[in-house]
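Working notes, structure below.
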Amino acid sequence: AKQAGRNGVRFFDQSMQDSISARVRLESELRLALERDEFELYYQAQVDQRGRIVGAEALVRWNHPNGGCVPPSRFIPLAEETGLILALGGWVLERACAQWKEWQRLPGTRGLTVAVNVSARQFHQPDFCERVAAAVARHGVAPGVLKLELTEGMLLESMERTIATMHRLKRIGVRLSLDDFGTGYSSLQYLKRLPLDQLKIDQSFVRDLVGDGNDQAIVLTIIAMARSLKLEVIAEGVETEAQRALLAKLGCRRYQGYLFGRPVPASELMRAVADGPPG
Ligand code: C2E
Ligand code: CA
Ligand code: CA
Ligand code: CA
Numbered sequence: 437a438k439q440a441g442r443n444g445v446r447f448f449d450q451s452m453q454d455s456i457s458a459r460v461r462l463e464s465e466l467r468l469a470l471e472r473d474e475f476e477l478y479y480q481a482q483v484d485q486r487g488r489i490v491g492a493e494a495l496v497r498w499n500h501p502n503g504g505c506v507p508p509s510r511f512i513p514l515a516e517e518t519g520l521i522l523a524l525g526g527w528v529l530e531r532a533c534a535q536w537k538e539w540q541r542l543p544g545t546r547g548l549t550v551a552v553n554v555s556a557r558q559f560h561q562p563d564f565c566e567r568v569a570a571a572v573a574r575h576g577v578a579p580g581v582l583k584l585e586l587t588e589g590m591l592l593e594s595m596e597r598t599i600a601t602m603h604r605l606k607r608i609g610v611r612l613s614l615d616d617f618g619t620g621y622s623s624l625q626y627l628k629r630l631p632l633d634q635l636k637i638d639q640s641f642v643r644d645l646v647g648d649g650n651d652q653a654i655v656l657t658i659i660a661m662a663r664s665l666k667l668e669v670i671a672e673g674v675e676t677e678a679q680r681a682l683l684a685k686l687g688c689r690r691y692q693g694y695l696f697g698r699p700v701p702a703s704e705l706m707r708a709v710a711d712g713p714p715g
């Protein structure tokens, strides 16, 4: 605490110091974690109306050497700030494509899609499309299989450049999904310019859907928007049968959430694919 101000006011108090050193520690741990291969991809099922698994979202997990699994909310924001997300995101993309390739040897995996989360910084790298194309080619990923989940915030940077990047990704055979949809401020006017394939209804609208008329109205609007733009809709955070039934009634035909399965290691997802829907 060397920064004492003119009036003896300290700019940093002890708790700020502590949280800064905690961040510095976390940052160097993150760097090491990449080198030591401590990250793992979990996969969460995405199902159709009949409960069949049609795809999976890859969600990164950090198996910390001190034991325990660190959730992405603890390290993704820091990885974004420090730029480590570029290396981590590259690893995620590579790993997800390799996983899809491995899955192809198992029965019942044809047509299974794999969704990967892409952070803003990663998307805006000048060679992002080349990286995606290289991963797709290396693992022989079929067209339409890899889905990139983008968020509204990242699309605001430079509209023309963003749209150009999206078109290039589409030409590689990649599908594009807009994650956390409804939490941003995309107008229909804006959305129609984007070469998207899917809208993902944010879980905040699903949570209280059954009892909340406003959320029902929002979800209905999103579904109508998706229909007029010819986009698929998927709802995330589906935890109860009542939510699923209402979403179905409102016209949503793809679901993801604890009702169908938590994010699990790749082998466990394959067991669920082999077992098929319950009943
Ligand atoms: P997201 O992309 O919106 O992912 C959905 C989150 O909701 C996941 O949290 C998932 O485990 C959780 N979830 C799924 N079903 C349910 C449910 O029924 N109820 C509830 N309450 N939650 C559910 P997770 O795995 O902790 O990931 C959090 C966020 O971290 C993700 O949000 C995403 O923004 C980010 N993230 C995860 N993996 C990656 C990655 O590989 N790259 C990047 N850039 N971001 C990632
Ligand atoms: Ca996502
Ligand atoms: Ca989401
Ligand atoms: Ca989210």
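Counting from 437, one number per residue, gives the positions in the sequence shown under full-length UniProt numbering. Each residue gets a CB set at the ideal place from its N, CA and C atoms; glycine is no exception. Quantities reported herein were computed from a predicted structural model and do not represent experimental measurements.
C-alpha of G647 to C-alpha of F641: approximately 11 Å in a straight line.
Judged by DSSP secondary structure, L582 falls within the beta strand (DSSP E) whose first and last residues are L582 to T587. If you check the CB distance, L667 and Q634 come in under 7 Å. By the 16-neighbour rule on beta-carbons within 10 angstroms, Y694 is exposed.
If you draw a straight line from the Cα of N553 to the Cα of D638, it is about 14 Å long. The beta carbon of S555 is closer than 7 Å to those of E516, I521 and G525 in its chain, skipping five residues each way along the sequence.
Here R510 is exposed: its Cβ has fewer than 16 other Cβ atoms, across all protein chains shown, within 10 Å.
Between ligand 1 and G526, a heavy atom-to-CB distance of less than 6 Å is absent. For F617, the pairing in a beta bridge is given by DSSP as I637.
With contacts defined as CB atoms closer than 7 Å, D615 and K636 qualify as a contacting pair.
Here DSSP, grouped into helix, strand and coil, assigns Y478 to strand. Setting aside the 5 residues that flank it on each side, G580 is surrounded in the same chain by T549, G609 and R611, each with a C-beta closer than 8 Å to its C-beta; the list follows chain order.
L705 is positioned such that its CB atom lies no closer than 7 Å to that of A534. A buried status is given to D651, since no fewer than 16 other beta-carbon atoms sit within 10 Å of its beta-carbon. The C-alpha of I512 lies about 34 Å from the C-alpha of P543. A heavy atom of ligand 3 is found nearer than 6 Å to the CB of D615.
Remark: C-beta atoms of L632 and I659 do not approach each other more closely than 7 Å. The beta carbons of L470 and A523 sit about 6 Å from each other, so the pair counts as a contact at 8 Å. Judged by the Cβ position, E675 fails to qualify as a neighbour of ligand 3 at the 6 Å threshold, every heavy atom of the ligand being at least this far. When DSSP states are grouped into helix, strand and coil, N502 belongs to the coil group.
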